[in-house]
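Read through the structure below, which is laid out as C-alpha cells, and then see the notes.
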Amino acid sequence: MPKYRMLIDGKLVDGAQTLDVINPATGEAFTQVARADEAQVLEAIAAAKRAQPAWAALPIDERRASLHRLADAIRDDADTFARTLVQEQGKPLEQAQAETAFAEIFLRYYADQSLDPELIQDDADYRVEMHYRPLGVVAGITPWNFPLLIGVFKLAPALLLGNTYIWKPAPTTPVMALMLAERAAGIFPPGVVNVVVDQNDLGAVLSKHPDVAKVTFTGSTATGRKVMEAGASTLKRLTLELGGNDAGIVLPDADVRKTAERAIGSAFSNSGQVCIALKRLYVHSSIYDEMCEALAEEAAKYPVGDGLQQGTRVGPLQNAAQFAKAKEYLAAAKQDGKIIAGGEALPSDGYFIQPTVVRDITNGSRLVDEEQFSPILPVISYDDIDQVIDAANDSEYGLGGSIWSNDTDSAMKLADRIASGTVWINHHTHFGPHIPFAGAKQSGVGVEFGREGLTEFAQRSVVNLSKQ
Ligand code: NAD
Numbered sequence: 001m002p003k004y005r006m007l008i009d010g011k012l013v014d015g016a017q018t019l020d021v022i023n024p025a026t027g028e029a030f031t032q033v034a035r036a037d038e039a040q041v042l043e044a045i046a047a048a049k050r051a052q053p054a055w056a057a058l059p060i061d062e063r064r065a066s067l068h069r070l071a072d073a074i075r076d077d078a079d080t081f082a083r084t085l086v087q088e089q090g091k092p093l094e095q096a097q098a099e100t101a102f103a104e105i106f107l108r109y110y111a112d113q114s115l116d117p118e119l120i121q122d123d124a125d126y127r128v129e130m131h132y133r134p135l136g137v138v139a140g141i142t143p144w145n146f147p148l149l150i151g152v153f154k155l156a157p158a159l160l161l162g163n164t165y166i167w168k169p170a171p172t173t174p175v176m177a178l179m180l181a182e183r184a185a186g187i188f189p190p191g192v193v194n195v196v197v198d199q200n201d202l203g204a205v206l207s208k209h210p211d212v213a214k215v216t217f218t219g220s221t222a223t224g225r226k227v228m229e230a231g232a233s234t235l236k237r238l239t240l241e242l243g244g245n246d247a248g249i250v251l252p253d254a255d256v257r258k259t260a261e262r263a264i265g266s267a268f269s270n271s272g273q274v275c276i277a278l279k280r281l282y283v284h285s286s287i288y289d290e291m292c293e294a295l296a297e298e299a300a301k302y303p304v305g306d307g308l309q310q311g312t313r314v315g316p317l318q319n320a321a322q323f324a325k326a327k328e329y330l331a332a333a334k335q336d337g338k339i340i341a342g343g344e345a346l347p348s349d350g351y352f353i354q355p356t357v358v359r360d361i362t363n364g365s366r367l368v369d370e371e372q373f374s375p376i377l378p379v380i381s382y383d384d385i386d387q388v389i390d391a392a393n394d395s396e397y398g399l400g401g402s403i404w405s406n407d408t409d410s411a412m413k414l415a416d417r418i419a420s421g422t423v424w425i426n427h428h429t430h431f432g433p434h435i436p437f438a439g440a441k442q443s444g445v446g447v448e449f450g451r452e453g454l455t456e457f458a459q460r461s462v463v464n465l466s467k468q
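So the sequence shown is residues 1 to 468, counted in our numbering.
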C-alpha cells in the first residue's frame with residue numbers, strides 16, 4: 001500500500017497504480033505514493049463541480065477560517081514538511097524550511113484579502129460596481145522546483161473566491177501535495193480540495209475538460225503552450241507562469257563584493273532551479289576581472305551535498321532528466337568559456353554537480369541562450385550599455401532581470417528598458433504574496449500574487465444600477 005494517498009471527493013484514496021518517489025540525493029526511492037488513472041481524475045473533476053456551489057455560498061469568513069486552519073496545519077507540522085521536502089526535492093533544509101514558512105504566509109495573506117465589490121461610478125444617474133464571483137472548478141498544475149509553495153499559492157486564492165480546486169503536482173515531487181491533502185481532508189467539505197498524482201500523462205485531462213473553468217499552470221514554456229492549446233476548445237481562463245532566463249547587468253560603478261554575494265545567492269538557490277534565479281550575468285569590462293574573481297570566491301562558500309547534511313548550501317538537481325541536462329550545460333561551459341569555479345559532476349548515485357562559474361563566454365552559447373536551470377552561472381563581458389540591453393533582451397523569455405549600480409536613479413531609469421515582468425535593482429529573486437508577479441513574452445500569461453493575482457481567479461461581473 002502506498003504511504004501517501006490522493007484526495008478525491010473528501011476521501012483519501014489509493015490510486016489505480018503506485019509511483020515510486022526518488023530521493024535525488026541518493027538516486028533511490030524513499031517512498032511510494034498513489035497514482036491516478038484517467039477515471040480517478042474524472043472523478044475528482046465531478047466531485048469539484050458538485051461541491052462548488054455550496055462552497056461559494058458559504059459566508060466568506062468561513063472560507064477564510066478554513067484557509068487559516070490549513071495554514072495552522074502546515075505550521076504545526078512544519079518540521080515534517082520541511083524534512084520530507086528535502087527528501088523529495090533535494091534542496092538544503094534551510095531552504096525547505098523557508099518554503100514551508102512561505103506556504104503558511106501565502107495562505108494567510110490570501111485568507112485575509114477582501115472580495116468586496118469595487119465602486120466604479122456613483123452619481124445622480126448610475127451606481128456601477130465591480131463584483132468578483134467564482135469561476136467554478138480550478139485546476140492547479142505544478143512543477144518540481146517548489147513542490148509545496150506553488151500548489152498552495154494557487155489553492156489559496158482559488159478557494160477564497162469560492163472556486164473548488166484540483167491539484168496535480170509534478171510526478172517527481174508528489175509528496176508535499178499529498179501531505180497537504182491529508183490535512184485538507186479534515187478541514188474542507190468533500191470535493192472542495194482534490195489532489196491527484198500522475199506520471200506526466202494526465203495533465204491534459206484537466207486542461208481540456210469542459211468542467212474545468214480555469215487552469216493555473218506553472219512549468220516549462222513548452223508545456224505551457226500545450227495547456228493553452230488544450231484550453232482553447234472551451235476558452236478556459238489561464239494563468240501560465242513559465243520559463244525564464246533572467247539576465248543581470250552590472251554597471252561600472254557597482255559594489256563588486258555585494259553584487260557577487262547576492263548574484264551567487266540567487267544563481268545557486270535551489271541548485272539554480274528557480275524560474276527567477278539569476279541565469280546570466282553581464283559585467284562591464286572595466287570591472288570584469290575583479291567581478292569574476294569575487295564570484296569565484298563566493299561560489300567556493302557553497303558546499304554541495306545532501307540537503308539534510310549540516311552546512312550544505314547546494315543540493316542535488318531534482319531529477320535524473322534535469323541532472324543529464326545540467327551535465328550538457330557543463331560541457332557547453334567547457335567548450336564555450338573558461339570555468340573559474342566548480343565545473344564537475346560529483347561521483348555519486350545522487351544528482352550532484354559543483355556550483356559553477358564560467359567566464360569568457362558570450363551570447364550564442366547554449367549556456368547563455370537557454371534556461372539552464374542548474375547551478376551554473378555564465379558571466380559575460382560588455383562595453384556598451386545599448387548593446388548589453390539588446391543582449392539581455394534577446395530571449396523568448398522575459399520573467400525577471402536585474403541592474404546592479406550605486407547610482408540607483410539611473411538604474412531605475414534603465415529598468416524600463418528591460419523586457420521582463422520584474423526588474424530588481426541591486427538584488428535578484430525577491431518576491432512576496434503582495435507583489436504582483438508576471439512574465440513578459442513567452443515567460444507567461446497573466447499575473448500571480450497581489451490583488452491582480454487574486455482577481456485572476458474571479459469572474460468579473462459589473463452590476464449597473466440606473467437611478468433615474
Ligand atoms: P513541466 O512543464 O515539465 O511540467 C510542469 C507540470 O505540467 C507537471 O505537473 C507536469 O506533469 C505537467 N504536464 C506535463 N505535460 C502536460 C500536458 N500535456 N498538459 C498539462 N500538464 C502537463 O515543467 P517542470 O520541468 O516540472 O518545471 C520546470 C519549469 O518550470 C522551468 O521551465 C521553470 O522555469 C518553470 N517554472 C516557472 C515558474 C514561474 O513562476 N514562471 C516557477 C517555477 C518553475
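Even for Gly, the Cβ is constructed at its ideal location relative to N, Cα and C.
Item: Closer than 6 Å by C-beta to residue 69: which residues in its own chain qualify, once you throw out the five before and the five after it? Chain order, please.; Value: 187
Item: Confirm, please, whether the CB-CB distance from residue 196 to residue 21 is below 8 Å.; Value: no
Item: State yes or no: is the C-beta of residue 204 nearer than 7 Å to some heavy atom of the ligand NAD?; Value: yes
Item: Check each candidate in 335, 24, 453, 209 and name the one with the smallest Cα separation from residue 308.; Value: 24
Item: Assign residue 3 to one of two classes, buried (16 or more other C-beta atoms within 10 Å of its C-beta) or exposed (fewer than that).; Value: exposed
Item: Using the beta-carbon count (16 or more within 10 Å), is residue 198 buried or exposed?; Value: buried
Item: Please state whether DSSP places residue 20 in a helix, a strand or coil.; Value: strand
Item: Pop quiz: residue 434 and residue 450 are said to be a contact at Cβ under 8 Å. What is the actual Cβ separation, rounded to whole angstroms?; Value: 6 Å
Item: Between residue 446 and residue 422, is the Cβ-Cβ spacing less than 8 Å?; Value: no
Item: Residue 153: which of 58, 13, 140 sits nearest, CA to CA?; Value: 140
Item: With a cut-off of 8 Å, do at least 3 Cβ pairs link the segment 325 to 337 to the segment 293 to 307?; Value: no
Item: Below 7 Å CB to CB, which residues in the same chain sit around residue 87 once its five sequence neighbours on both sides are set aside?; Value: 23, 30
Item: To the nearest angstrom, how far is the alpha carbon of residue 84 from that of residue 126?; Value: 56 Å
Item: To the nearest angstrom, report how far apart residue 168 and residue 366 are at their CA atoms.; Value: 31 Å
Item: Beta carbon of residue 247: closer than 7 Å to some heavy atom of the ligand NAD?; Value: no
Item: Return helix, strand or coil for residue 280, following the three-state DSSP convention.; Value: strand
Item: Give me, in chain order, the residues of the same chain whose beta-carbon lies closer than 8 Å to that of residue 121; leave out the 5 immediate sequence neighbours on both sides.; Value: 127, 128
Item: Run through the segment 352 to 383 for me and flag every whole alpha helix (DSSP H) of 4 or more residues, listed as ranges in chain order.; Value: 366 to 369
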